[in-house]
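Per the working numbering, the sequence shown starts with residue 5, numbered consecutively. Beta carbons are placed, not taken as given, at the ideal position from N, Cα and C, and that holds for glycine. As the structure is a computational prediction, the values presented were derived from the model and not from experiment.
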Amino acid sequence: MSAITVKPVARRLKIHFGLGFKVAAMVIVGTLSMIGLFAYLGTAALSENTQRNLQERVVLAQMSGSYIDALLDNVENVLTNAALDPNWQDPQRMDIALDQAYHRLSSFASRVLLVNDQGQVVASEPPTPTIKSLSHVAPVTAVLTGKQFSVSQVAQAIDPLGPSMVAAAPIKNLFGKNVGALVIILDFTNQKIHAFSNPIGLGESGYMDLIALDGRILASTQASRIGSESDHGSLLSAMIRDHRQTVSPCHDCHVSEASMIVAPLPEILAFAPLDSVQWGITVRQSEDEVFAVTRSLQNRIFVLMAVMLVGALVLVYFATRSVIRPVQALTAATRRIADGDLDSPIQARGQDEVGVLARSFDEMRVKLKNSTDEIQAWNRELDARVQERTAAYEAAAKDNARLYTELQQKEQIRGELLRRVISAQEDERKRIARELHDETSQSLTALMVGLDTVKMASALDLLKANTRLTSCKSIAETLLKNIHRLVADLRPSLLDDLGLVPAMAWYGEQRLEPIGIKFKLDEKGLKDRLPPAIETALFRIVQEAMTNIIRHAQATEVSVKLAREGNWVSLRVADNGQGFDPQALQPVDLHGQGLGLRGMLERASILGGDFNLKTAPGQGTIITIRLPV
């Protein structure tokens with residue numbers, strides 16, 4: 005039975021076309037090949053026709069330039085021969101020579117002028133009395149200085165003619181010396197100059213200009229353009245100098261604002277320089293007229309390609325029905341699978357490659373569903389484990405938060421205890437100072453009074469006793485001074501009575517100035533007294549800083565600046581001493597080095613302030629304290 009069923013299936017498979025054959029034969033080979041071939045041939049034909057049209061414009065400009073070159077050669081020959089007329093040497097026949105020269109040159113000259121060797125106009129035809137001198141005209145100057153023929157490169161102003169183009173040839177006497185020049189005003193508008201009066205190859209929209217080196221239009225098939233500046237003057241002047249020819253599209257980039265009322269038509273501009281003089285010929289014609297044949301061919305190609313496109317659409321339609329629609333159905337099924345729908349089966353139709361692919365996808369769907377179910381079971385188990393671990397981590401985080409809170413509370417308690425210790429220390433110092441002042445000082449004062457009494461009583465009896473009593477009094481006075489100093493060191497009364505600034509000033513004067521250290525105190529913004537805790541802390545910091553300066557700094561100047569800015573008070577103690585390396589004092593050693601700076605830091609930290617130390621060997625020391633008020 006199996007052998008009987010295999011053979012019909014094999015025969016059926018042979019008569020079905022595959023997906024690759026359908027798409028390649030019906031769409032790619034049948035459509036794209038034809039469109040590509042016609043597109044290539046059409047593009048090549050259009051490009052060749054375009055280049056031929058552009059080259060024709062250049063050839064027309066070159067032919068017109070050759071005509072002007074030949075015309076200028078003729079001008080040179082006729083003008084040079086006219087200048088050789090012997091009648092110029094006879095003043096009686098000079099008018100005859102001038103009249104003959106005018107008739108010979110009138111085809112391309114509007115005037116003929118005779119000038120002397122100074123450039124002054126002697127005669128002209130037709131007569132123009134207002135033209136007095138041509139000494140400023142370049143061709144006249146050139147021929148008077150030895151050149152055999154010269155023509156203007158640019159138009160020069162000649163009163164009253166305005167800008168004019170001039171050609172000149174020298175007139176020599178019998179000895180070959182220049183005695184003057186024969187000058188003509190060139191006129192290219194003459195009907196005998198056929199390049200501009202009867203142009204060929206310009207069509208209905210074309211026109212041709214003769215451009216001088218300065219960009220001025222000397223002649224044109226459009227009379228209104230003669231004498232004006234070319235809209236591409238600088239570019240054309242550069243090509244004239246470089247003797248280059250060109251052809252290119254010319255759109256509205258050169259149009260002036262005054263002429264923008266009417267939108268200009270795109271043109272084709274061809275340029276060719278002259279050989280005999282630094283002039284050039286421009287041929288300009290509208291793009292529509294130049295490329296009329298090309299665009300007609302282009303339209304035909306587009307129509308043919310449109311017909312081919314319609315045929316391609318028909319092919320695509322049949323390809324869609326037979327191939328693309330099953331593929332689209334298969335694509336929709338794969339999207340359902342991608343969205344998570346693994347329960348809907350994939351319908352497999354036909355026995356071609358698309359049908360085989362559909363059945364393969366359905367088998368993949370079944371296996372993927374089984375794998376997904378297994379993965380989901382594992383995910384549920386993993387989620388349970390993750391939740392257990394998360395609960396454990398949350399409990400640990402709560403314990404850490406509780407411990408951190410307890411640590412902060414302990415830190416606050418430690419700070420409070422430290423503040424109480426310092427406050428108790430200050431209270432104890434006040435008590436000691438009060439007892440020393442009230443008891444010891446009174447006792448010593450009484451001792452001095454008693455000694456004075458003894459001195460007066462024994463003055464008549466024993467001189468030696470008087471001396472000893474005087475010595476005892478001196479000792480008692482010294483003791484009293486030391487006690488007063490001790491009292492001031494423990495707690496200066498000025499700090500309680502007058503405030504922080506007088507206490508700092510008194511302490512600096514008492515401790516620094518006697519040993520030759522210059523002391524300066526500046527204060528700013530302290531209109532009211534500071535809280536007692538802040539005054540005490542700042543005074544103790546200054547006291548410790550001055551003690552360190554006396555012991556270690558070897559300074560000659562000390563400055564203290566105290567300022568209040570808003571809710572902050574700042575203290576700055578600076579000296580010009582030898583400084584030190586702050587890294588060397590970071591750890592407090594066994595001898596107590598660094599305890600003073602550590603005490604300053606602790607006092608500032610207790611009050612919520614900042615402590616900053618800036619020093620280096622040989623650069624002095626600056627201590628800055630900022631405390632909140």
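Over the uninterrupted alpha helix (DSSP H) stretch that includes residue i, give me the two end residues.
i	result
residue 562	From DSSP, residue 562 is part of no alpha helix (DSSP H) but of the beta strand (DSSP E) over 561-569.
residue 551	536-552
With a threshold of 8 angstroms on Cβ separation, who are the neighbours of residue i within its own chain once the five nearest residues in sequence on each side are excluded?
i	result
residue 288	210, 211, 212, 213, 254, 271, 272, 273 and 274
residue 127	98, 99, 102, 117 and 118
residue 621	582, 583, 584 and 585
residue 227	193
residue 145	123 and 139
residue 338	365
residue 422	606 and 610
In this structure, how does DSSP classify residue i when only helix, strand and coil are distinguished?
i	result
residue 129	strand
residue 513	helix
residue 619	strand
residue 485	helix
residue 404	helix
residue 505	helix
residue 518	helix
residue 582	coil
residue 193	coil
residue 280	coil
residue 601	helix
residue 204	coil
residue 218	coil
residue 423	helix
residue 607	helix
residue 533	coil
Who are the Cβ neighbours of residue i in its own chain at under 7 angstroms, not counting the five residues just before and after it?
i	result
residue 107	none
residue 653	Within the shown structure, residues of the chain are numbered from 5 to 633, placing residue 653 beyond reach of any answer.
residue 151	none
residue 241	217, 218 and 219
Tell me which residues share the same chain as residue i and place their Cβ nearer than 6 angstroms to its Cβ, disregarding the 5 neighbours each side in the sequence.
i	result
residue 566	527 and 575
residue 605	615
residue 628	576 and 616
residue 149	none
residue 92	101 and 175
residue 578	563 and 626
residue 384	none
residue 630	572, 574, 613 and 614
residue 537	none
Just grab the DSSP bridge partners of residue i for me.
i	result
residue 275	250 and 286
residue 124	137
residue 410	DSSP output for residue 410 lists no bridge partner at all.
residue 523	562
residue 528	567
residue 614	630
Got a sec, what are the start and stop residues for the beta strand (DSSP E) residue i sits in?
i	result
residue 573	572-579
residue 627	625-632
residue 214	211-215
residue 233	Element bounds for residue 233: n/a, residue is neither H nor E.
residue 224	221-224
Are the C-beta atoms of residue i and some chain E residue less than 7 angstroms apart?
i	result
residue 535	The question asks about chain E, but that chain is absent: this structure has only one protein chain.
Taking only runs of the beta strand (DSSP E) that begin and end inside the stretch 126-191, which ones reach a length of at least 3 residues, in chain order? The qualifying runs are 160-162, 166-168, 170-176 and 182-190.
Tell me the start and end of each unbroken alpha helix (DSSP H) in the stretch 63-120 that is at least 4 residues and wholly inside, in chain order. 98-109
For the stretch 290-326, list the beta strand (DSSP E) runs that are entirely contained and at least 3 residues long, ordered along the chain. none
Sequence ranges, alpha helix (DSSP H) only - wholly within the stretch 328-396, length at least 4: 329-342
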